[in-house]
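S.K.: Numbering (the working numbering), first residue to last: 303 to 474.
For reference, the structure I am asking about is given below.
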């Protein structure tokens, strides 16, 4: 099996939909979300940009996007589908497809289950389970995490209490 992993990669913008769009399409997103419209009137305006997901999908790859946020957050699902991902899995789908991973998390950290987003450790377990599934096609999978995305606080590797900024920095 062959794979490629990038370590110590840093985006050109903050870790948001904007940076994913920029990274996948090799462009610099000057306007951010305004290229797609506002939350109230979402329209895909920037439709002539080619993404790596589209290129790989067209060459026979199974393209999957794993999002640690709810499906409809900032039109994330529509944007990722537009960028060429055949399968977009967000919190709701992950709960249904990987109940054993979610149950283990909820049992281990019961006071954190009210969070709408999934922590990094859970997302990496989902990624591992997903890529382990047999397929006759090569896979291209992109994952988002929020462990270093202030103001989300999962206390994954730190115990700074209510100092969520310090927790986010520690998780870097």
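The C-beta atom is built at its ideal place from N, Cα and C for all residues, glycine as well.
Model, not experiment: these values are computed from the prediction.
Return the CA-CA distance between residue 404 and residue 378, expressed in angstroms with no decimal places.
M.R.: The alpha-carbon atoms of residue 404 and residue 378 are separated by roughly 22 angstroms.
S.K.: Could you check how far apart the C-beta atoms of residue 324 and residue 359 are, in whole angstroms? I think they sit under 8 angstroms.
M.R.: So it is not a contact: roughly 19 angstroms between Cβ atoms.
S.K.: Identify which residue in 318, 437 and 351 has its Cα closest to the Cα of residue 369.
M.R.: Considering only alpha carbons, the answer is 318.
S.K.: Quick one, are the C-beta atoms of residue 444 and residue 419 less than 8 angstroms apart?
M.R.: Not a contact, by the Cβ cut-off of 8 angstroms.
S.K.: DSSP state of residue 460, grouped into three classes?
M.R.: Any reading at residue 460 needs caution, since the residue's pLDDT is 49, under 50, leaving its predicted position unreliable; the model's value is listed next. Three-state DSSP puts residue 460 in coil, outside helix and strand.
S.K.: Run the proximity test for residue 319: is its beta-carbon closer than 7 angstroms to any non-hydrogen atom belonging to the ligand SAM?
M.R.: Ligands are entirely absent from the displayed structure, and the ligand SAM is therefore not among its contents.
S.K.: Identify whether residue 306 lies in helix, strand or coil by the three-state DSSP scheme.
M.R.: In the structure shown, residue 306 sits in coil (DSSP, three-state: anything other than H, G, I, E or B).
S.K.: Can you tell me whether residue 478 is buried or exposed? The criterion is at least 16 other CB atoms within 10 Å of its CB, across all chains shown.
M.R.: Nothing in the structure corresponds to residue 478, since the chain is present only between 303 and 474.
S.K.: Evaluate residue 421 with the Cβ neighbour count: other Cβ atoms within 10 Å of its Cβ, from every protein chain shown; 16 or more gives buried, anything less gives exposed.
M.R.: By the neighbour-count rule (16 or more Cβ atoms within 10 Å), residue 421 is buried.
S.K.: Verify whether the separation of the beta carbon atoms of residue 351 and residue 381 is less than 8 angstroms.
M.R.: Result no, Cβ atoms of residue 351 and residue 381 do not sit closer than 8 angstroms.
S.K.: Spatial neighbours of residue 427 within its chain, please: CB distance less than 7 angstroms, with the 5 preceding and 5 following residues excluded, ordered by chain position.
M.R.: Correct list, in chain order: 403.
S.K.: Return yes when the Cβ of residue 439 is within less than 8 angstroms of the Cβ of residue 364, no when it is not.
M.R.: Yes, they are a contact pair.
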